[in-house]
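>
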Amino acid sequence: ELEIMMKAYVDSSYKDGIAGFGVYIIDGVKERFFSNWIKTDNNNYGELWAIYQAAIFCACHDAVIYTDSQTAIAYINQTVRDKERTPEQYIRHQQMRVLAYKIRRLGVRVEHVKGHNKNEYNNNLADFLARKGLDKSRP
1016 ELEIMMKAYV
1026 DSSYKDGIAG
1036 FGVYIIDGVK
1046 ERFFSNWIKT
1056 DNNNYGELWA
1066 IYQAAIFCAC
1076 HDAVIYTDSQ
1086 TAIAYINQTV
1096 RDKERTPEQY
1106 IRHQQMRVLA
1116 YKIRRLGVRV
1126 EHVKGHNKNE
1136 YNNNLADFLA
1146 RKGLDKSRP
């Protein structure tokens, strides 16, 4: 019996203190997608948040989550370089580390996919969903 791997594509779109995020999940023949937004001061947190939302959904499955964010992957893989940070940057850095830890605890694989590639339909759909999530924040 062949087990179909679950795949998720995620993206974030940032504007004016709000990150819209999109998640597109392929589970065998089933497809699910959702979008929403969170308040944050940068897009990197939005990217990591999108991965976290997908990871919650994909936990307990043989799953891969694809993101075009190198920064998010660096936090998850604990390869972010230490450098001088302002107090605000340090707080954001710690928040990113905590979220990356939560993602690692869910036991999903996260891999890089090239962003804005016209042949990458699934990532482009996640990008569209992220922009739709950002639209939801507007009254």
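Numbering of the sequence shown is given in this note's numbering, commencing with residue 1016 and proceeding in unit increments. Backbone N, C-alpha and C define an ideal beta-carbon position, used for all residues, glycine too.
Helix, strand or coil: how does DSSP classify Arg1153 here?
For this step, residue 1153 is matched to residue 138 along the sequence shown. Here Arg1153 carries a coil assignment [DSSP, helix/strand/coil].
> Mind checking who Tyr1081 pairs with in its DSSP beta bridge?
Walking along the sequence shown from the start, residue 1081 turns up at place 66. Looking at the DSSP assignment, Tyr1081 forms a beta bridge with Tyr1024 and Glu1126.
> Are there three or more Cβ pairs, one per stretch, closer than 8 angstroms when the stretch 1080-1095 is compared with the stretch 1115-1133?
yes
> Using only the alpha-carbon positions, how far apart do Ser1027 and Gly1061 sit?
Translated into the one-based positions of the sequence shown, residue 1027 becomes position 12. Translated into the one-based positions of the sequence shown, residue 1061 becomes position 46. Between Ser1027 and Gly1061, the C-alpha separation is close to 5 angstroms.
> Does the distance from the CB of Ser1084 to the CB of Lys1147 come in under 8 angstroms?
Taking the sequence shown and counting its residues from 1, one reaches residue 1084 at position 69. Taking the sequence shown and counting its residues from 1, one reaches residue 1147 at position 132. Taking a C-beta distance under 8 angstroms as the contact criterion, Ser1084 and Lys1147 do not qualify as a contact pair.
> Kindly give me the distance between the Cβ atoms of Tyr1067 and Leu1140, rounded to whole angstroms, as I take these residues to be in contact under 8 angstroms.
Residue 1067 sits at position 52 when you count from the first residue of the sequence shown. Residue 1140 sits at position 125 when you count from the first residue of the sequence shown. Actually they do not touch by this definition, with Cβ atoms about 19 angstroms apart.
> Give the C-beta separation of Ala1023 and Trp1064 to the nearest angstrom, bearing in mind that I take them to be a contact with Cβ-Cβ under 8 angstroms.
Along the sequence shown, read from residue 1 onward, the residue named residue 1023 stands at position 8. Along the sequence shown, read from residue 1 onward, the residue named residue 1064 stands at position 49. The Cβ separation is near 13 angstroms, so there is no contact.
> From what residue to what residue does the alpha helix (DSSP H) around Ala1069 run?
Counted from its first residue, the sequence shown places residue 1069 at position 54. Here the alpha helix (DSSP H) through Ala1069 covers Asn1058 to Cys1073.
> Quick check on the burial criterion: 16 or more other C-beta atoms within 10 angstroms. Buried or exposed for Val1044?
In the sequence shown, counting from the first residue as 1, residue 1044 sits at position 29. The residue in question, Val1044, is exposed, as its Cβ has fewer than 16 Cβ neighbours within 10 Å.
> Should Asn1059 and Met1111 be called a contact, given that it needs their Cβ atoms to be closer than 8 angstroms?
As a first step, residue 1059 is located in the sequence shown; it is residue number 44 there, counting from the start. As a first step, residue 1111 is located in the sequence shown; it is residue number 96 there, counting from the start. Yes. Within cutoff.
> Shortest alpha-carbon distance to Ala1078 belongs to which of Leu1149, Asp1042 and Gln1104?
For the purposes of this step, residue 1078 is taken as residue 63 along the sequence shown, with counting starting at 1. Ranking the options by Cα distance to Ala1078, first place goes to Asp1042.
> On the CB-based measure, 16 or more other CB atoms within 10 Å of its CB, does Asp1142 come out buried or exposed?
Position 127 of the sequence shown holds residue 1142. Classification for Asp1142: buried.
> Using a Cβ-Cβ cutoff of less than 7 angstroms, which residues in the same chain neighbour Ala1115 once the five nearest sequence positions on both sides are dropped?
Taking the first residue of the sequence shown as position 1, residue 1115 is located at position 100. Hits under 7 angstroms: Leu1063, Tyr1090 and Ile1091.
> Cα separation between Leu1144 and Asp1097?
In the sequence shown, the residue the question calls residue 1144 occupies position 129. In the sequence shown, the residue the question calls residue 1097 occupies position 82. When rounded, the distance between both Cα atoms is 33 angstroms.
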